[in-house]
Amino acid sequence: MNFMEECFADLHIHIGRTMHNRPVKITASRTLTLTNIVEEAVTRKGMHMIGIIDCHSPEVQEEIDCHLETGRMQELPGGGYRYATSEGEVTLIAGIEVELAVGRGLAHFLVYLPDRTAFATFREWYQTKVKNIHLSTQRMYTDPETLVMKAEAVGGIVIPAHAFTPHKSIYGACVESLASVLPVHRFAALELGLSSDSDLADGLAELAEMTFVTNSDAHSTAKIAREYQNLQIKRPDFTELLLALARKEDRRVRENYGLHPQLGKYYRTRCTNCEELVAQTDSPRCPHCGKEGKKTITRGVYERFQEISTQLPASHPAHRPPYRYHIPLEFIPGLGPGRMRKLLAAFGTEMNILHHVSVDQLTEAVGATVAQAIDRSRRGEISFIEGGAGMYGKISLE
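Residues 1 to 398, numbered by the UniProt record's numbering, are exactly what the sequence shown covers, in order.
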């Protein structure tokens, strides 16, 4: 069976503005339009598949239709859209991120749909359950079971988003057990989020049969592909993606690439005022600075896992692929915009730089110091200053 040699996929990218400059994801960059996303994915990132999560917006649908009319984009027989340029092509998987009330809090879910017909049918129902169809991640007045049923009825799937972060996630904000919401097999996969990894998540026995996905949740073009996966599939389309997530017919996720959890913004419990780590997670008062308030102490993902884990971390099932700690180039010390331009001019895309270019080639392009830093990040020979309370961690090469 002839599989693609590589299929790098980032399935959670937001749209900041439409082609008419209308806001979609309020917190996302104004430059993050559908067209800019697919161009960035092809020319700079080197991705083969991307999931754009705000395709429910009427003006985003209009932008897709414009590309279909010009022939720049084609709807694939297996689902999804191929966008081609002179430098390459990428498959767009259309999706929606929604917010539901679950248990004691609010959680985000990702819905992916195969084609325009499915999207139109789903959107007829979707727009009756939200207040503003133009904006991203709208609160839906329904429940997870109904959401899954409506998606499945048109050939779609649902995935819990950034499942362990302290804000708007199923484990981080709502429940101790996913099975208390729905049988876990009803979800196509579970998105880990930037502050967790397979080792931590496999501390929950109920997730043993689930496929994990690692996505960027990008709010700017620079963040695209800060997390991604390498899929074992024959071609980049919706049908093959579903087979890979279900681990059927030899399709699968070959590797997950993600930030080391310690680089994540919510890895450790921390005070938002004095930025000190806090061991006590059930008190609103910081033991270091004394400040008190509902938002003073942000509970970390690491501490949340200590509360809800049912077995030892890294209790991996046989099907779990390797989790590669991926350090995005923007995190590399000494790699500023000038050197980044040199690397891209010499080697084409970030995926090529991260996966294929030799140390000698890197040294010739940007010097030995930066080249060695990139190589050490590839091999995991780095340490971290832990992130938390909305602040990213930092890498140390000392």
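Cβ atoms here follow ideal geometry from the backbone N, Cα and C, with glycine treated the same way.
Let me confirm a value: residue i is counted as buried when at least 16 other C-beta atoms fall within 10 Å, else exposed. Which label applies?
i	result
residue 341	exposed
residue 399	Outside the shown range of the chain (1 to 398) lies residue 399, about which nothing can therefore be said.
residue 26	exposed
residue 311	exposed
residue 319	exposed
residue 151	buried
residue 166	buried
residue 128	exposed
residue 141	exposed
residue 47	buried
residue 337	exposed
Please go through the same chain and pick out, in chain order, the residues whose beta-carbon is closer than 6 Å to the beta-carbon of residue i, but skip the five residues on each side of it.
i	result
residue 106	99 and 168
residue 226	216 and 328
residue 114	79, 155 and 238
residue 57	24 and 134
residue 208	317
residue 377	327
residue 315	202
Roughly how many angstroms lie between the CA atoms of residue i and residue j, to the nearest whole one?
i	j	result
residue 149	residue 363	53 Å
residue 93	residue 289	47 Å
residue 82	residue 323	28 Å
residue 286	residue 313	29 Å
residue 205	residue 309	8 Å
residue 130	residue 9	29 Å
residue 185	residue 393	33 Å
residue 36	residue 224	11 Å
residue 211	residue 190	6 Å
residue 71	residue 242	26 Å
Residue i and residue j look like a contact to me (Cβ under 8 Å); what is the Cβ gap, rounded to whole Å?
i	j	result
residue 389	residue 298	4 Å
residue 262	residue 386	5 Å
residue 332	residue 370	7 Å
residue 159	residue 109	7 Å
residue 292	residue 284	5 Å
residue 3	residue 232	5 Å
Any heavy atom of the ligand PLP within a distance shorter than 7 Å of the CB on residue i?
i	result
residue 117	Within the structure as shown, the ligand PLP is missing, as the structure has no ligands at all.
Here's a check: name, in chain order, each residue in its chain whose Cβ is nearer than 7 Å to the Cβ of residue i, leaving out the five neighbours to either side.
i	result
residue 87	42 and 43
residue 20	59
Leaving out five residues before and five after residue i in sequence, what residues of the same chain have Cβ atoms less than 8 Å from its Cβ?
i	result
residue 179	206
residue 97	12, 14, 53, 54, 108, 109, 110, 111, 136, 137 and 161
query = Between the stretch 39-52 and the stretch 12-20, do at least 3 Cβ pairs fall closer than 8 Å?
reply = yes
message = Could you check whether the stretch 367-381 touches the stretch 240-250, counting it as contact only if at least three pairs of C-beta atoms, one from each stretch, sit closer than 8 Å?
response = no
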